[in-house]
Amino acid sequence: SQFHCYAVKGQKEYLTPNEMQELLVQKLPHLGKCVGPLEEKIECMGDPNEAKLEFGEYWDMMGDAAKGCRRK
Numbered sequence: 001s002q003f004h005c006y007a008v009k010g011q012k013e014y015l016t017p018n019e020m021q022e023l024l025v026q027k028l029p030h031l032g033k034c035v036g037p038l039e040e041k042i043e044c045m046g047d048p049n050e051a052k053l054e055f056g057e058y059w060d061m062m063g064d065a066a067k068g069c070r071r072k
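The sequence shown runs 1 to 72 under UniProt numbering.
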């Protein structure tokens, strides 16, 4: 999955906020108009190099972003 491609090698069980942001920009640009709340959630995670986003949290965020796009 894209999640695992962007997770740092050896740390495949989570993404840092920086890795999540990179994934959004490079692989999910169509969510660009819908990621305002998503970017806020990423910022709230804390240190962009130290915070951890597990797959379940990532999946929830992607679902919320997709729902936001669908409503527009």
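Where is the CB? At the ideal position from N, CA and C, for every residue including glycine. Since the structure is predicted, the reported quantities are computational estimates derived from the model, not experimental observations.
Thinking just about the alpha-carbon of each residue, which of the options is nearest to the one in residue i?
i: K27; options: Q2, C44, M61, M62; result: Q2
The alpha helix (DSSP H) spanning residue i covers which residue range?
i: L24; result: 17-27
i: H4; result: 2-6
Alpha carbon to alpha carbon, how far is residue j from residue i? Give it in angstroms, no decimals.
i: E43; j: P17; result: 7 Å
i: E19; j: K67; result: 22 Å
Identify, in the order they occur along the chain, each residue of the same chain with its Cβ nearer than 7 Å to the Cβ of residue i, setting aside the five sequence neighbours on each side.
i: Y14; result: A7, K52, L53, E54
So, residue i versus residue j, is the Cβ gap smaller than 9 Å?
i: C5; j: L31; result: no
i: Q21; j: E39; result: yes
i: M61; j: K41; result: yes
Does at least one heavy atom of the ligand FMN sit under 8 Å from the Cβ of residue i?
i: A51; result: Absence of the ligand FMN is noted for the structure shown, with no ligands found whatsoever.
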